[in-house]
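Our numbering puts the sequence shown at residues 55 to 268.
Heads up, the beta-carbon is just placed ideally off N, CA and C, and yes, glycines get one too.
These figures come from a predicted structure and were not determined experimentally.
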Amino acid sequence: MKDLLETELQNFIKSILPEKNDLELEIQKYAEENHVSIVEDEVANFLKVITGIKKPDKILEIGTGLGFSTISMAKSLGSNGKITTIELLKGRMEKAAYFIEKSGEKEKIKMIHGDGREIINQLDETFDIIFLDAAKGQYGKFLEKCDSLLNENGIIMADNVLINGWVVNLEYPERRKKTMVMNMRNFLEGFRDNEKYELTLVPLGDGVALIRKR
Ligand SMILES: C[S@@+](CC[C@H](N)C(=O)[O-])C[C@H]1O[C@@H](n2cnc3c(N)ncnc32)[C@H](O)[C@@H]1O
55 MKDLLETELQ NFIKSILPEK NDLELEIQKY AEENHVSIVE DEVANFLKVI
105 TGIKKPDKIL EIGTGLGFST ISMAKSLGSN GKITTIELLK GRMEKAAYFI
155 EKSGEKEKIK MIHGDGREII NQLDETFDII FLDAAKGQYG KFLEKCDSLL
205 NENGIIMADN VLINGWVVNL EYPERRKKTM VMNMRNFLEG FRDNEKYELT
255 LVPLGDGVAL IRKR
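Quick look at the structure:
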């Protein structure tokens, strides 16, 4: 099924990206050696470009991982822009803190350790961009919770919405993945007649949803 996503076009898109810097290469090497999933190059580039266009004051990210996406977005923020990023795993968060420190973008980034599903209920600020990159089966629930946190004309971006391509043909290697795949498919189809939000699916990497609050 992975073939569905690995087209000649994807390879071409990757080939025209800017060369990676030493830190990006270091994070990717660590991710590969430690089996940590991070956003793909073309997705990092997409996040950077959208951040540059939108010029947000505040971004919320759920799923810091190694901070690869956090650093990509921070690079395009203006000097007053801030990112709040939430990560469930303490060790992962510490590693991200190390990479963020090295990136020189630390002043723009506030890291919160905890479960995004709980932390978002405690936040008392609103955001111009929310980037979802955690708990793929629960994007629908995150969207509901994020609604009051998103400014008017705010956008939500969500990575891996095709889940290895399984969401396209509703095929998955194990039965226990079924709920996650079906939840994601329902999440995407739910935008057909959604009065509050509109979605476009950008087929980069494992699929990125770009969602606009009307
Ligand atoms: C795909 S990785 C994020 C990669 C990251 N955006 C990057 O590019 O480096 C997903 C991360 O979400 C975290 N995660 C999963 N469920 C979460 C939750 N409920 N709240 C916060 N983080 C969560 C995982 O521990 C994992 O590090």
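Does any heavy atom of ligand 1 sit closer than 8 Å to the C-beta of residue i?
{"i": "Thr138", "result": "no"}
{"i": "Thr124", "result": "yes"}
{"i": "Gly352", "result": "Residue 352 lies beyond the residue range present for the chain, which begins at 55 and ends at 268; the question has no answer from this structure."}
{"i": "Asp182", "result": "no"}
{"i": "Ile210", "result": "no"}
{"i": "Ser130", "result": "no"}
{"i": "Arg246", "result": "no"}
{"i": "Leu143", "result": "yes"}
{"i": "Asn214", "result": "yes"}
{"i": "Ser91", "result": "yes"}
{"i": "Ala263", "result": "no"}
Where residue i and residue j are concerned, what is the direct C-alpha to C-alpha distance, given to the nearest angstrom?
{"i": "Met55", "j": "Ala263", "result": "Low confidence applies here, because Met55 scores a pLDDT of 43, under 50, leaving its location unreliable and the question unanswered by this model."}
{"i": "Ile107", "j": "Leu131", "result": "10 Å"}
{"i": "Lys231", "j": "His89", "result": "19 Å"}
{"i": "Tyr226", "j": "Met234", "result": "10 Å"}
{"i": "Asp201", "j": "Ile125", "result": "25 Å"}
{"i": "Lys109", "j": "Gly135", "result": "8 Å"}
{"i": "Asp178", "j": "Ile137", "result": "14 Å"}
{"i": "His167", "j": "Asn223", "result": "35 Å"}
{"i": "Asn214", "j": "Gln176", "result": "26 Å"}
{"i": "Asp260", "j": "Gly219", "result": "7 Å"}
{"i": "Glu60", "j": "Lys102", "result": "22 Å"}
Given a cut-off of 9 Å, decide if residue j and residue i are closer than it, judged by their beta-carbon atoms.
{"i": "Asn165", "j": "Ile140", "result": "The sequence shown places Met at residue 165, not Asn. Going by C-beta atoms, Met165 is nearer than 9 Å to Ile140."}
{"i": "Thr180", "j": "Leu197", "result": "no"}
{"i": "Ile210", "j": "Lys267", "result": "yes"}
{"i": "Leu186", "j": "Asp169", "result": "no"}
{"i": "Ala128", "j": "Ile163", "result": "yes"}
{"i": "Asn248", "j": "Gly194", "result": "no"}
{"i": "Ile173", "j": "Leu120", "result": "no"}
In terms of residues, what are the limits of the beta strand (DSSP E) holding residue i?
{"i": "Thr254", "result": "Tyr251 to Val256"}
{"i": "Gly208", "result": "Leu204 to Asp213"}
Could you tell me the boundaries of the alpha helix (DSSP H) in which residue i lies?
{"i": "Lys195", "result": "Tyr193 to Cys200"}
{"i": "Val262", "result": "Looking at the DSSP string, Val262 is not in any alpha helix (DSSP H); the run it does join, the beta strand (DSSP E), is Val262 to Lys267."}
{"i": "Asn240", "result": "Lys232 to Glu243"}
{"i": "Val221", "result": "Trp220 to Asn223"}
Using 8 Å as the cut-off, classify the Cβ of residue i as near or not near the heavy atoms of ligand 3, replying yes or no.
{"i": "Thr118", "result": "Here the bound small molecules are ligand 1; ligand 3 is not part of this structure."}
Can you confirm whether residue i, when its beta carbon is compared against all beta carbons of chain D, has any partner nearer than 9 Å?
{"i": "Leu120", "result": "Absent from the structure is chain D; it holds one protein chain and no more."}
Quiz prompt | Whole alpha helix (DSSP H) elements within the stretch 98-186, 4-residue minimum | solution = Counting whole runs of 4 or more residues, the stretch 98-186 contains the alpha helix (DSSP H) stretches 122-130, 144-157 and 170-176.
- Query: Which runs of the alpha helix (DSSP H) fall wholly inside the stretch 59-85 and span at least 4 residues, in chain order?
  - Reply: The alpha helix (DSSP H) runs of length 4 or more contained entirely in the stretch 59-85 are, from start to end of the chain, 62-69.
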